[in-house]
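The block underneath contains the structure these notes are about, expressed in structure tokens.
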Amino acid sequence: MIARSLKLMAGLLALAVLGGCVSPKTVDYSAYKQSRPKTILVLPPLNNSPDVKASYSLLSQVTYPLAEAGYYVLPIALVDETFRQNGLTTPADIHQAPANKLQEIFGADAALYITVTDYGTRYMIISSETVVTASAKLVDLKSGTTLWTGSARASSEEGGNNGGGGLIGMLITAAVKQVINSSNDAGHPIAGVTSARLLSAGQPAGLLYGPRSPKYGTD
Amino acid sequence: MFKVYAKWALMASTVLVSGLLAGCNSGPKTLYQWESYQPEVYEYFKGEEPKEAQAEALERDLQKIRSTGKTPPPGYHAHLGLLYLSMGKDDQMVQQFRTEKTLFPESTPYMDFLLKNAKTGVVQ
């Protein structure tokens, strides 16, 4: 009996360890591939961090990875103004807006719902760390189906060695330099890295390339 | 003969190295020339810099983009249109929304919605 439960525990432990190493890559892209969105409407992010700057700091930097992935991204500030003119002034209100209404006004194929969970600097004795964490959900505006979900974190303490490489690696180096120079809004450059990590195509479990990319249909 | 060989080897290795670099470093080749679009969008939200200065910065960058023959990113012209709208320059606003439509036909429903509302006098 004891031997059996020990075996079971060992088995569970092994699974947990393996689960920790191998990140879940089994993403189901079937709905995404069927929907083939061309245009993405990014809604102002919900902010669960204590810093009021978080939503618009991240929102102003989502166009780059999405457009470079091959999507048409609706003009960020103009969309925000349209919401305001229609009485939707907070991200929470906007996230509640019915999908068919969004589709009607903006003519977008899909909407991106983002939540910021961390934004800011933790001051420690020797050094301080600036962290931005966010998660996102891509929803088809015609059917209401969730096409993709993801989350990402970036930190000023990552230094040069990061798993992302390439574009994201360059962004981190630039961001860390900027953090040193901009103490009043240190989260902003880090949010740019979080955005690139969260919304770039061509990475495991990431967004698929859109129609304006030469790599469209290859993933 | 040897010289020709050496030249070829050099060329081949250059091509190989740049190929490798392109493979590891997905950076340099972008679909759009971004310039200050995202920083200016952030400026707009912060509301500290006058709208005139924001529009000037984007117009200046547009000259740079045109001179290289590349395309500004999605939303660039639409954002300029928004700035002109807030400055009361309706003609320039209409022109910018139309340019956005020409560059990105995907924006047509939203740009038409904005242009229609602008015509009827309702701001957005």
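Sequence lines, in order, name chains A and B.
Quick note: to get the numbering used here, add 14 to the position in the first sequence (first position is 1).
Quick note: to get the numbering used here, add 1 to the position in the second sequence (first position is 1).
The C-beta atom is built at its ideal place from N, Cα and C for all residues, glycine as well.
Only a predicted model underlies this, so the values are computations on that prediction, with no experimental measurement involved.
**Prompt:** With a Cβ-Cβ cutoff of 8 Å, do L152 (chain A) and L161 (chain A) count as a contact?
**Reply:** yes
**Prompt:** Should V234 (chain A) go down as buried or exposed, given a rule of 16 or more other Cβ atoms within 10 Å for buried?
**Reply:** Past the edges of chain A, shown from 15 to 233, lies residue 234 (chain A), and the structure says nothing about it.
**Request:** Please go through the same chain and pick out, in chain order, the residues whose beta-carbon is closer than 7 Å to the beta-carbon of S14 (chain B), but skip the five residues on each side of it.
**Result:** Residue confidence is low: S14 (chain B) scores 47 on pLDDT, short of 50, so the model does not pin down where it sits. Its coordinate-derived value is still stated next. For S14 (chain B), where only same-chain residues beyond five positions count, there are no Cβ hits under 7 Å.
**Endpoints, the alpha helix (DSSP H) within which T234 (chain A) is located** = Nothing about residue 234 (chain A) can be read from this structure; chain A reaches only from 15 to 233.
**Prompt:** So, is T69 (chain B) buried or exposed, given that buried needs 16 or more other C-beta atoms within 10 angstroms?
**Reply:** exposed
**Message:** Using only CA atoms, which one of A:S49, A:Q99, A:G84 lies nearest to P228 (chain A)?
**Reply:** A:G84
**Prompt:** Apart from the five residues just before and just after M94 (chain B), which ones in its own chain have a Cβ nearer than 8 Å to its Cβ?
**Reply:** G82, L83, Y85, L86, A119
**Message:** Tell me the residue span of the beta strand (DSSP E) that contains Y137 (chain A).
**Reply:** 124-137
**Message:** Can you give me the C-alpha to C-alpha distance between R67 (chain B) and F114 (chain B), rounded to a whole angstrom?
**Reply:** Distance between R67 (chain B) and F114 (chain B), taken at the CA atoms: about 28 Å.
**Prompt:** Looking at R98 (chain A) and A168 (chain A), is the spacing between their C-beta atoms short of 8 Å?
**Reply:** no
**Asked** Under 8 Å between C-beta atoms, does L63 (chain B) make it to chain A?
**Response** no
**Message:** So with CB distances below 8 Å, who are the chain A contacts of L32 (chain B)?
**Reply:** For L32 (chain B), the C-beta contacts it makes with chain A under 8 Å involve A81, E82, G84, R226, S227, in order along the chain.
**Request:** Could you round the C-beta distance between K52 (chain A) and E107 (chain B) to whole angstroms and report it? I think they count as a contact, below 8 Å.
**Result:** 6 Å
**Message:** At the 8 Å Cβ level, is A119 (chain B) part of the contact set with chain A, yes or no?
**Reply:** no
**Item:** Neighbour-count burial assignment, V34 (chain B), 16 or more Cβ in a 10 Å radius
**Value:** Per the sequence presented here, residue 34 (chain B) reads as Gln, with Val not at that position. When all chains shown are included, Q34 (chain B) counts as buried.
**Asked** Are the C-beta atoms of A91 (chain A) and some chain B residue less than 8 Å apart?
**Response** yes
**Prompt:** Cβ of K52 (chain A) less than 8 Å from any chain B Cβ?
**Reply:** Yes, because at least one Cβ of chain B sits closer than 8 Å to the Cβ of K52 (chain A).
**Asked** With a cut-off of 8 Å, does the C-beta of L88 (chain A) fall near any C-beta of chain B?
**Response** yes
**Burial state of P218 (chain A), where buried means 16 or more other Cβ atoms lie within 10 Å** = With fewer than 16 Cβ atoms within 10 Å of its Cβ, P218 (chain A) is classed as exposed.
**Request:** For I108 (chain A), collect the residues of the same chain with a Cβ closer than 8 Å to its Cβ; drop the 5 residues on either side in sequence, then sort them by chain order.
**Result:** L57, P58, F97, L102
**Item:** Within chain B, the residues that T77 (chain A) reaches when beta carbons sit closer than 8 Å
**Value:** Contact note: T77 (chain A) reaches chain B through Y38, Q39, V42, P74, P75, G76, using a C-beta cutoff of 8 Å and chain order.
**Buried/exposed call for S157 (chain A), threshold 16 Cβ in 10 Å** = exposed
**Asked** With a CB to CB cut of under 7 Å and the five nearest residues on each side skipped, what residues in its chain are close to D94 (chain A)?
**Response** P58
**Message:** Quick check: what's the CA-CA separation for G231 (chain A) versus S141 (chain A)?
**Reply:** 45 Å
**Request:** Could you tell me which uninterrupted alpha helix (DSSP H) segments, each at least 4 residues in length, are contained entirely in the segment 58-92 of chain B, listed from first to last along the chain?
**Result:** Within the segment 58-92 of chain B, complete alpha helix (DSSP H) segments of at least 4 residues are found at 77-87, given in chain order.
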